[in-house]
Each structure stands twice: as structure tokens, then as C-alpha cells.
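Engineer:
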Amino acid sequence: MKKKLLALVTTSLLISSAANASVKVGLGFDQGFGVTAQFNNINAFVGNDGIAGDYIFKRGSFNEDTPFNWYVAGGAFLGWDHGVGVRLPLGLNMAFDSKWDGYLQFQPELDFDHGKNSDTNFSADFSIGVRYRF
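No gaps in the numbering here: position 69 of the sequence shown is 69 in our numbering, and each next residue is one more.
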């Protein structure tokens with residue numbers, strides 16, 4: 001009986017959190033041109049140069065009159081050229097409509113290339129995109 005009750009409570013919590021989840025999908029430039037998605041605090045990108053994933057751990061706003069919100073995230077990327085690395089995106093988010101938003105982010109990156117010419121490189125990159133919220 002306890003197992004059934006625990007399963008019922010757990011299922012109810014998962015369903016209610018999924019119903020309140022914010023899911024956004026769109027197009028952008030990050031790891032080349034590709035598809036961007038956001039599920040709550042997780043950003044994902046799949047492009048023609050690689051994939052990236054970030055977790056937004058801090059959000060804020062400047063003031064009531066500014067249409068932008070800011071965020072800080074931490075994540076990683078995998079390039080199709082055997083590059084793998086970590087990054088710290090710092091971004092701005094702006095809602096155009098109740099369903100549409102755009103973002104611009106600056107991300108310092110530490111790239112650990114592996115293979116024949118193993119090397120570690122520090123660089124900075126930008127990303128931009130638009131997303132539709134379902």
C-alpha cells in the first residue's frame with residue numbers, strides 16, 4: 001500500500017511540474033546555425049558546427065523600465081571537429097510577444113581539443129536567436 005501511495009504522489013508531482021514547465025523552441029547562431037530549445041532553466045542547441053547545453057543558475061532584471069532580463073549560465077559544448085569544452089554564458093533575454101522571445105549571449109569558452117593536435121584554447125563567442133514558447 002505504501003509503495004502505491006508513494007508512486008501516486010510522485011506521479012502527481014511530476015505531472016504538475018511538467019504542466020507548469022516552460023518549453024521554447026527556435027532558431028539561432030551558437031554552434032553554427034541550428035535549432036535552440038529551452039526547458040525551464042536548461043538551454044540546448046544543435047547546430048551545423050556542434051551541440052551545446054547550459055544550465056541557467058541566476059536570472060535577474062535591470063529595472064521595470066528596461067525590456068531586457070539578464071542571466072548567467074554554465075555549460076559545455078561538443079564540436080563536430082572533435083573539440084569539447086566548457087563555457088560560461090552571460091545573456092540578455094527580451095520578450096517580443098507573450099509567446100516569442102529573443103536572446104543575445106556572450107560566452108567565454110575553454111576548448112579542450114583532442115586527437116592528433118591536442119590543445120587547450122581560451123576564446124570568447126557570441127550567440128543570438130529567437131524562440132517560440134509552447
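The beta carbon of each residue, even a glycine, is placed where N, CA and C say it ideally should be.
State the CB to CB distance for the pair G85 and E109, rounded to an integer number of angstroms; the pair is presumed to be in contact (CB under 8 Å).
Structural biologist: Their Cβ separation, rounded to whole angstroms, is 5 Å, which keeps G85 and E109 in contact under 8 Å.
Engineer: Whole-angstrom Cβ separation of F134 and V23, contact assumed at under 8 Å?
Structural biologist: Correct: roughly 5 Å between the Cβ atoms.
Engineer: With a 10 Å radius around its C-beta and 16 neighbouring C-beta atoms as the bar for buried, classify G91 as buried or exposed.
Structural biologist: Buried: at least 16 other Cβ atoms inside 10 Å.
Engineer: What do you reckon, are the CB atoms on I42 and L78 nearer than 8 Å?
Structural biologist: Result no, Cβ atoms of I42 and L78 do not sit closer than 8 Å.
Engineer: Going along the chain, which residues of its own chain have a beta-carbon closer than 8 Å to the beta-carbon of N93, five neighbours each way excluded?
Structural biologist: Around N93: F68, N69, W70, Y71, D101, G102, Y103.
Engineer: Among residues of its own chain, excluding the 5 on either side of G60, which ones have a beta-carbon nearer than 6 Å to its beta-carbon?
Structural biologist: Cβ within range, chain order: W70.
Engineer: Considering only DSSP beta bridges, list what T66 is partnered with.
Structural biologist: T66 pairs with nothing; no bridge assigned.
Engineer: Go through its chain and collect everything with a Cβ distance to G47's Cβ below 7 Å, but skip five positions before and after it.
Structural biologist: If we look at G47 and ignore the five residues flanking it on each side, its Cβ neighbours are D30, Q31, G32, F33, G34.
Engineer: In its own chain, which residues sit with a C-beta less than 6 Å from the C-beta of P89, not counting the 5 before and 5 after it?
Structural biologist: Within the same chain, P89 has close Cβ partners D54, A73, Q105, Q107.
Engineer: Which whole-angstrom value is the C-beta distance of D65 and G83, which I expect to be below 8 Å?
Structural biologist: About 41 Å separates the two Cβ atoms, so there is no contact after all.
Engineer: On the DSSP letters alone, give me the boundaries of the beta strand (DSSP E) that D119 sits inside.
Structural biologist: Taken as a continuous stretch (DSSP letters only), the beta strand (DSSP E) holding D119 covers 119–133.
Engineer: Determine the direct distance from the alpha carbon of L27 to that of V130, and round the result to whole angstroms.
Structural biologist: Straight-line Cα distance between these residues: approximately 6 Å.
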